[in-house]
Each structure stands twice: as C-alpha cells, then as structure tokens.
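According to the numbering used here, the sequence shown is numbered sequentially starting from 75. Ideal Cβ placement from N, Cα and C applies to all residues, glycine included. Each remark here refers to the structure printed beneath this line.
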Amino acid sequence: MLELAASTGARIRISGATAAALPTIDVLEIGLLGCRVLSLEGVLNATTNYLLNAMMARRVEFADALGEAQAGGFAESEPSRDIEGWDTACKLLILANFGLGLDLRMDDVTVSGIGHVTLHDVEDWRNKGVVPRLVGRLDLQGGKPMASVAVRTYPLDDPFAHIAGKTKAMRIQTDCMGEILTMGGGPEPMATASAALKDLELLLAGSKIAASRD
Numbered sequence: 075m076l077e078l079a080a081s082t083g084a085r086i087r088i089s090g091a092t093a094a095a096l097p098t099i100d101v102l103e104i105g106l107l108g109c110r111v112l113s114l115e116g117v118l119n120a121t122t123n124y125l126l127n128a129m130m131a132r133r134v135e136f137a138d139a140l141g142e143a144q145a146g147g148f149a150e151s152e153p154s155r156d157i158e159g160w161d162t163a164c165k166l167l168i169l170a171n172f173g174l175g176l177d178l179r180m181d182d183v184t185v186s187g188i189g190h191v192t193l194h195d196v197e198d199w200r201n202k203g204v205v206p207r208l209v210g211r212l213d214l215q216g217g218k219p220m221a222s223v224a225v226r227t228y229p230l231d232d233p234f235a236h237i238a239g240k241t242k243a244m245r246i247q248t249d250c251m252g253e254i255l256t257m258g259g260g261p262e263p264m265a266t267a268s269a270a271l272k273d274l275e276l277l278l279a280g281s282k283i284a285a286s287r288d
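Spelled out as structure tokens, the structure:
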C-alpha cells in the first residue's frame, strides 16, 4: 500500500487503525520531527486491558472474566485475535511502518497473549504491588529493531498501571524530547469516526499546501 501510494504521489492516513481516537501515528510522524525514537510501548487493545483489570480487581479466573466481558459486549464472540496478542501486534506494525518508516513484518514480532494468565499470577502481582498490561513494544536502540507483544507489569506509580477500562496508551522514549506519553481515546464508534475525519482534514490540508507550492 505504501509503495503504491509513493508511486502515484498519493498519501495515506490511517491514524484510527492503531488506537481509535488516541493520537499515535500523528505523534510519531509530526510531533517528534527532529528527534530519534529510542523505544515505543503501547497498550493498544481495549479488550485485553479490560480483562486484565477485571482479573486484578475481582480476583476472577481468565475464563470467567472473558465470559463476563462477552456478555457485556466488551469482548467479541471470537476473541482470539485480541487475547492471543495478534491485534496488538498488527497495531504495533502499523506504528512501526507508517509512523516510523520501518519495514517490519509479522515474522519480526514475538507475540504472546494473555490466555495463560492464572489466578496465581494475579495474586503474585497483587502481592508485589504491580499491574499487568498486554503491551506492544518496539526497541530501536540496537542495530536491529526488536518488536514484541507480551504481558508486562508496572508499579503503581507508573502511568501504565492506571489505564482504566477500555482506555489505551502509548509511551515513547526519544533522544532529545524525553519521554512522551499519550493516554485516552476510547474505542467507541464516534471516536473512531472522529479519527477518520481528522485524517481526511489532514489530507485536504496537505493538498492545499502542495497546490500552493505548485
């Protein structure tokens, strides 16, 4: 898609594809111009965040939390792409390739989901005072980009420990702008539609700028 757009002079905007209304690709493409991204980590899937929060808050098994989420419309009837980490992996690849200009494939991402989480894990995390999140992470400090999706834990004083419900978040470490954190952006249809409208407005604004330069 990127190659086709480049060959025809077209432009692509897909900011709503990674975290609905949460600013992600825009931050990478525009907000961080002039600096180098060292690492990126994101809580990009609302379903897994909801499930992990439910397990931690109510001390329920994964299967019970999933059943409650499906009954309440918070999880799909076939949730494997979410709970196995593939949805997060796809979003991480979009951020890497569209936002940072990399050329990663799914084979480049180590993927692990949340289906293995047990009540024993929950009790252990509670005793340690940490909170689990399914996180997509990209490390760019070595010679080769390292991409992964896995459950990571965060202490209670970390912002990632306080991502409630369907909220999503992205944290970026840079060489000269320090740490950048975005959080929010619910997955509701209106939020996603607003992200699509923003993309259209950016495309129109870019066309006007290009026309004025011509």
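Inset, instruction - Can you have a look at P229 and say buried or exposed, based on whether 16 or more other CB atoms are within 10 angstroms of its CB? - result: Exposed is the call here.
Legend entry - Exposure label - K165; buried when at least 16 CB within 10 Å: Looking at its Cβ environment, which holds 16 or more other Cβ atoms inside 10 Å, K165 is buried.
Inset, instruction - Pick helix, strand or coil for G116, following the three-state DSSP scheme. - result: Strand, per DSSP.
Inset, instruction - Give, in chain order, every unbroken run of the beta strand (DSSP E) that is at least 3 residues long and sits entirely within the stretch 191-244. - result: As summarised for the stretch 191-244, the continuous beta strand (DSSP E) elements at least 3 residues long and confined to that stretch are 204-213 and 220-229, given in chain order.
Inset, instruction - Give the straight-line distance between the Cα atoms of D161 and A235, rounded to the nearest whole angstrom. - result: Computed Cα separation, rounded: 21 Å.
Legend entry - Unbroken alpha helix (DSSP H) run spanning T92, endpoints: Counting along the chain, the alpha helix (DSSP H) containing T92 begins and ends at G90 to A93.
Inset, instruction - Note down the Cα distance separating D177 from N171, rounded to an integer number of angstroms. - result: Those two C-alpha atoms are separated by around 6 Å.
Inset, instruction - Pair every Cβ in the stretch 128-135 with every Cβ in the stretch 176-195, then say whether three or more of these pairs are closer than 8 Å. - result: Contact annotation: the stretch 128-135 touches the stretch 176-195, with at least three C-beta pairs closer than 8 Å.
Legend entry - Range covered by the beta strand (DSSP E) that runs through I254: For I254, the enclosing beta strand (DSSP E) begins and ends at E253 to G258.
Inset, instruction - Provide the residue span of the beta strand (DSSP E) that contains T98, from first to last. - result: Counted as a single uninterrupted DSSP element, the stretch harbouring T98 is not any beta strand (DSSP E), since DSSP gives it neither H nor E.
Legend entry - Residue environment, A284, which counts as buried when at least 16 other CB atoms sit within 10 Å: Low confidence applies to A284: its pLDDT is 39, below 50, so where it sits in the model is not reliable, and the reading given next is rough at best. So A284 ends up on the exposed side.
Inset, instruction - Thinking A369 and M257 are a contact (beta carbons under 8 Å), I'd like their distance in whole angstroms, please. - result: Lying before the first or after the last residue shown, residue 369 is absent from the chain, which here runs from 75 to 288.
Legend entry - Spatial distance of E61 from L212 (CA atoms): Residue 61 falls outside the range modelled here, since the chain spans only 75 to 288, and no answer is possible.
Legend entry - Euclidean distance between Cα positions of A143 and G108: Pairing A143 with G108, the inter-Cα distance amounts to about 42 Å.
Inset, instruction - Between the Cα of Q247 and those of L112, I99 and T98, spot the shortest distance and give me the residue it belongs to. - result: The residue with the shortest Cα to Cα distance from Q247 is L112.
Inset, instruction - Mind reading off the beta-carbon distance from A94 to T266? Whole number of angstroms is fine, and I expect it under 8 Å. - result: Going by Cβ atoms, the distance from A94 to T266 rounds to 5 Å, so yes, they are a contact pair.
Legend entry - Nearest-angstrom beta carbon gap, T122 and L208 [assumed within contact, 8 Å]: Indeed, because the Cβ distance is near 4 Å, the residues count as touching under 8 Å.
Inset, instruction - Verify whether the separation of the beta carbon atoms of L167 and V183 is less than 8 Å. - result: In contact: L167 and V183 (Cβ atoms closer than 8 Å).
Legend entry - Where the beta strand (DSSP E) through V185 begins and ends: V183 to V185 is the extent of the beta strand (DSSP E) around V185.
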